[in-house]
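All remarks here apply to the structure that follows.
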Amino acid sequence: MASITAARRARVHAPWSAAAWRDTVFTASGVPLQFAGWIILGFLWTFWTPARVTPVLLVIGTSVVLLLLALRPLTSWQRERCWAVLGLDIPPMPDFDGGRAWDVLRDLRSPELWRVLQYHLLAGPALACGGLTVIAAWAAGLAFATSGLYAWAVPYSSPLIDRPAHVVVLTLSGVLLLAAAPWAAAGVRTLDARAAAALLGPDRAKELERRVEDLAEQRASVVDAADIERRRIERDLHDGAQQRLVSLALNLGLARETLAGVPGDAMRVIVEAHEEAKEALTELRNLVRGLHPAVLEDRGLDAALSGVAARVPLPVRLRVDAEPRASSTVEAVAYFVVSEALTNVVRHARADEVDVSVVRHGEVLRVTVRDDGAGGADPAGGTGLTGLARRVRSVDGTFRITSPAGGPTTVTVELPCAL
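UniProt numbering puts the first residue of the sequence shown at 1, with every later residue one more than the last.
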């Protein structure tokens, strides 16, 4: 940081350095462009007098239209000037630079249009005055600093340099102006660059808002794609592997009942294979149900969660009031929150009963699972709570858990219904 500051100071204090010339060229080149807006507005007025028949409102309207049509090329030239001299890249504004030149006339309420007008009619002319001051400082400084040479070459040519004292004063004044000119150029350059970046480029707040919206859309697309993939896997397992296991279990059961005269060892193998096939079928059904239960899509959260509660070996008080139904993605997250929370209660809580509430409040679906178990649930303890919280956050939801030692444990999830 110190080296950068020292380098900047060195550039400012050295009138003949490349940085000083760059700043001067930048400020001087901006003068005609920065006055262009007012030049366009005043052009027609130079040909209009009160005695003319042309209405004043027509002159004003024509001047404004010409200015609006010139805004895009003027803005483009200003950006190119910043890039060519300073290396400052000012990206275009999508809402202002897109389309044809006369499209700017269609939306006079555009914030980008008014920001550009602020530059060309307010900030630009003020900066152009600063640029003229820099040019005058350089010109006067060079003229005053060389007044001694002029007095020597052309003696008694002016009363300003006919005395040595006058020459000394002018020379010192010229040196001071040459020393101050780089400072003035650097100041105008800094103000101009900041004004151009702020008024001729995209609004940072709007860009951040657009990026947040894009990221939210991308995340929603990822969540939807994952949900579609889970449904595909569920369908493939249900129509493929599950049907084969059903057929296998039926054949083994039929063999177990109908085969006679089979040695005891062979029959024992058939019985074991039959039991394992039924267990595998049960596990696969639970897996398919966990991926995406068909009843959730067909009949909603009430029916789907009633089935989950019925399979829990604990008393479960269930309340579901989720009408109107939320999106399928939100319903799936709510279903898995309740399912995973009940699984954790059965495995870890040592609870006697569980209360489950799924209620919609406006645009928020609130899910609450409360048990009277031992408490002390830790999301970092590998109980699936971390993955559950991550899944809730994937749809912009909130996940909270309170679980003091000794209980009770309450999991509260709020999901936005509109995705």
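Backbone N, C-alpha and C define an ideal beta-carbon position, used for all residues, glycine too.
Residue from the options whose Cα sits closest to the Cα of residue i
i	options	result
R204	S339, P111 and L121	P111
E363	A19, D352 and A326	A326
V356	S306, L86 and A20	S306
V312	V269, I228, E353 and T329	E353
V392	E276, T402 and V367	V367
G141	Q218, A216, T386 and L178	L178
R400	A418, R347, V337 and H348	V337
L200	W114, P324, E217 and T282	W114
A304	E276, V358 and H348	V358
residue 424	L281, R360 and E209	Residue 424 cannot be examined here, being either before or after the span of the chain that is shown, 1 to 419.
R360	R232, P324 and L215	P324
Reduced DSSP secondary structure (H/G/I, E/B, other) of residue i
i	result
P416	strand
T62	helix
V312	coil
L365	strand
V395	coil
A126	helix
S327	coil
T410	strand
D372	coil
T402	strand
L318	strand
D355	strand
A19	helix
R204	helix
R268	helix
S221	helix
R390	helix
V53	At V53 the pLDDT is 49, less than 50, meaning the model places this residue with poor confidence; the figure from the coordinates comes in the next sentence. Looking at V53 - three-state DSSP - the assignment turns out to be coil, as it is neither helix nor strand.
R350	coil
6 Å Cβ shell around residue i - same chain, five flanking residues per side excluded
i	result
A309	V316 and L318
D23	A185, A186 and R189
A405	G375 and G376
G302	Rather than Gly, the amino acid found at residue 302 in this sequence is Asp. If we look at D302 and ignore the five residues flanking it on each side, its Cβ neighbours are V320.
G66	For clarity, residue 66 is Leu in the given sequence; the question names Gly instead. Answer for L66: I40, listed in chain order.
V53	Bear in mind that the predicted position of V53 carries a pLDDT of just 49, short of 50, making it too unreliable to give a figure here.
A418	E363
CB contact flag (residue i, residue j, <8 Å)
i	j	result
L284	L365	no
R350	A322	no
G174	A198	no
A255	K278	no
V369	L388	no
L71	V116	yes
G124	G42	no
P408	D378	no
S147	L176	no
V395	T329	yes
H274	G300	no
L314	V269	no
Neighbourhood of residue i by C-beta, 7 Å cutoff - its chain only, sequence neighbours within 5 removed
i	result
P202	P91 and M93
G384	E340 and N344
R211	none
V271	R256
A180	A137
A18	none
L86	F26 and A193
S403	G375, G376, A377 and T409
Neighbourhood of residue i by C-beta, 8 Å cutoff - its chain only, sequence neighbours within 5 removed
i	result
A196	Q78, R79, C82, L88, I90 and Y119
A28	G131, V134 and I135
M267	R256 and L259
residue 427	Absent from the model: residue 427. The displayed extent of the chain is 1 to 419, so no value can be given.
L74	L33, A36, G37 and H120
Test: residue i CB closer than 8 Å to a CB of chain C
i	result
G201	Protein chain content of the structure displayed is limited to a single chain, and chain C is not contained in it.
- Message: Counting beta carbon pairs with one atom in the segment 74–81 and one in the segment 15–34, are three or more of them shorter than 8 Å?
- Response: Judged by Cβ distances under 8 Å, the segment 15–34 makes contact with the segment 74–81, as three or more pairs qualify.
- Message: If contact is defined by three or more beta carbon pairs under 8 Å, each pair taking one atom from either stretch, is the segment 295–306 in contact with the segment 250–259?
- Response: The segment 250–259, when compared against the segment 295–306, does not touch it at the 8 Å Cβ threshold.
- Quick one: any contact between the segment 325–340 and the segment 395–413, if contact means 3 or more CB pairs under 8 Å? Taking 8 Å as the limit for Cβ pairs, the verdict is that the segment 395–413 does touch the segment 325–340.
- Are there three or more Cβ pairs, one per stretch, closer than 8 Å when the segment 241–256 is compared with the segment 119–129? The segment 241–256 vs the segment 119–129: no contact.
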